[in-house]
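Quick notes on the structure that follows.
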Amino acid sequence: MRNVQDIRKDFPILSRKVNGKPLVYFDNAATSQTPQQVIDAIVDYYSNYNANIHRGVHTLSQEATDLYEQARLKIQQHFNAKFSHEIIFTSGTTHGINLVANGFSALLKKGDDIVVSALEHHSNIVPWQMLCERTGANLKVIPMNAHGELLLDAYADLLSKHTKLVFVNHISNALGTINPIKHIIEKAHEVGAAVLIDGAQSSPHIKPDVQDLDVDFYVVSAHKMCGPTGVGMLYGKEAWLKKLPPYQGGGEMIAEVTFEKTTYADLPHKFEAGTPNIAGGIAFGTAIDYMNTIGFQNIAKYEHDLLEYATEKLLQIKGLKIYGTAKHKTSVISFNLDGIHPYDVGTILDKLGIAVRTGHHCAQPIMDFYNIPGTVRASFAFYNTKSEIDALVEGVKKAKMMLS
Ligand code: 7TS
1329 MRNVQDIRKD FPILSRKVNG KPLVYFDNAA TSQTPQQVID AIVDYYSNYN ANIHRGVHTL
1389 SQEATDLYEQ ARLKIQQHFN AKFSHEIIFT SGTTHGINLV ANGFSALLKK GDDIVVSALE
1449 HHSNIVPWQM LCERTGANLK VIPMNAHGEL LLDAYADLLS KHTKLVFVNH ISNALGTINP
1509 IKHIIEKAHE VGAAVLIDGA QSSPHIKPDV QDLDVDFYVV SAHKMCGPTG VGMLYGKEAW
1569 LKKLPPYQGG GEMIAEVTFE KTTYADLPHK FEAGTPNIAG GIAFGTAIDY MNTIGFQNIA
1629 KYEHDLLEYA TEKLLQIKGL KIYGTAKHKT SVISFNLDGI HPYDVGTILD KLGIAVRTGH
1689 HCAQPIMDFY NIPGTVRASF AFYNTKSEID ALVEGVKKAK MMLS
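Number 1493 in my numbering belongs to position 165 of the sequence shown; there are no gaps in the numbering.
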């Protein structure tokens, strides 16, 4: 991998100060920082190409359309989708999940089962509960153990001929667990169920191959992988995307409209109503290019080193407990100090220029499992360093001293 100090120069924000201290950004699981290359792509778009796409006869519109469609091809290639029309631009993971959940309203009936895991973000729980309310389907939950690992025997027991859909995250945002999704997908397919994988937390660390995984739907947000906010991707197998009804109606998603009847456009446009986040989509492609120049294998190895280093150092602090000790985990550490509220720890860390997230991380069922209100979560990216981890460890020690 390129030298980390060199990589850090790509990220203007990493050289700013917060509360008079150098920023230590450890909230990467919430959103990643943006390299200059991606910022430049956005500026370049608005400076030189700004036009609406897929409709204009004029040059600007055609150029903007070309750039947007090139970004779709980059995304297709990155995730190894078979066809570019299997890549639907969305506003992010939440949008992608809601699109699929809405589509399944037409395909489920009372008595069908859909299966979620105990490790999910609220955005991979609530849309499905709404789907159950609409259809009368039952929501079943794959349980987890105290390490934050899913219980695969219990999962096998939940599956039956009634199971229509399984939706699990690739990596847990609250604990960092990497789930065995290939196995989960295989088992679901054995009973004829479709699988949606929430890749919001995996896409910054792993390069998934949707064909090798044989996954039916895979959703990501660009902003967690060095791209802008407000854009993301839904991958869906062609057959499934053809089967699902459109999510939103409007311009660009139609073939022909009369007051009597509307026919829908072909994929991917059937699911892309209205003017999209054009600059965002183009910059998403740039972000993928950027991450690939760093290299996903390099990223995984470097971040694993950071994870091991931080885990060892933090565990030396007496009274500090780490939640999420799965054998396979990514660079997320959720922890608490005995008897101290996570919010108070986060507030003191912020005074020291260290950004962490505190609270339930939109994963309340996980917090309920551990019977805690929340955790302090430090999540690392490839541009973080061991000396930043040292600053975190000193900060946590200081917080402990001040608060106990
Ligand atoms: N799924 C997972 C696993 C996530 O971690 C998140 C965001 C989402 C879905 C929703 O993504 P969005 O881009 O549509 O909002 N997770 C977090 C987090 O851990 N802290 O802030 C946002």
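C-beta: ideal position from N, C-alpha, C; glycine also.
Examine the ligand 7TS and report whether any of its heavy atoms sits within less than 7 Å of the Cβ of residue i.
| i | result |
| --- | --- |
| Gln1529 | yes |
| Ser1549 | yes |
| Asp1526 | yes |
| Ala1446 | no |
| Ala1706 | no |
| Cys1554 | no |
| Thr1703 | no |
| Asn1452 | yes |
| Thr1505 | no |
| Asn1497 | yes |
| His1689 | yes |
| Ala1357 | yes |
| His1449 | yes |
| Gly1464 | no |
| Gly1420 | yes |
Starting from residue i, follow the alpha helix (DSSP H) in both directions and report where the run begins and ends.
| i | result |
| --- | --- |
| Lys1566 | Sequence check: residue 1566 is Glu here, not Lys. That run of the alpha helix (DSSP H) goes Glu1566 to Lys1571. |
| Gly1431 | Thr1421 to Phe1432 |
| Asn1620 | Ile1606 to Ile1622 |
| Leu1467 | No alpha helix (DSSP H) holds Leu1467; the beta strand (DSSP E) holding it covers Asn1466 to Ile1470. |
| Thr1590 | No alpha helix (DSSP H) contains Thr1590, which is instead part of the beta strand (DSSP E) from Thr1590 to Tyr1592. |
| Glu1518 | Ile1509 to Glu1518 |
| Gly1723 | Lys1714 to Leu1731 |
| Pro1693 | Gln1692 to Tyr1698 |
| Val1366 | Gln1364 to Asp1372 |
Based on DSSP bridge pairs, tell me the residues matched to residue i.
| i | result |
| --- | --- |
| Leu1524 | Phe1495 and Phe1545 |
| Val1673 | Looking at the DSSP assignment, Val1673 forms no beta bridge with any residue, so it has no partner. |
| Leu1642 | Note: Leu1642 sits in no beta bridge, so no partner. |
| Asp1441 | Asn1466 and Thr1491 |
| Leu1648 | Leu1665 |
| Phe1417 | Met1561 |
| Lys1345 | Pro1350 |
| Ser1707 | Asp1355 and Val1660 |
| Thr1505 | Lys1657 |
Contact criterion: CB-CB distance below 8 Å. Does residue i meet it with respect to chain C?
| i | result |
| --- | --- |
| Ala1521 | Protein chain content of the structure displayed is limited to a single chain, and chain C is not contained in it. |
Rounded to the nearest angstrom, how far is the Cβ of residue i from that of residue j, given a contact under 8 Å?
| i | j | result |
| --- | --- | --- |
| Asn1408 | Val1538 | 6 Å |
| Ala1615 | Met1553 | 6 Å |
| Gly1681 | Lys1349 | 3 Å |
Could you spell out the range, first to last residue, of the beta strand (DSSP E) harbouring residue i?
| i | result |
| --- | --- |
| Thr1686 | Arg1685 to Gly1687 |
| Glu1584 | Ile1582 to Val1585 |
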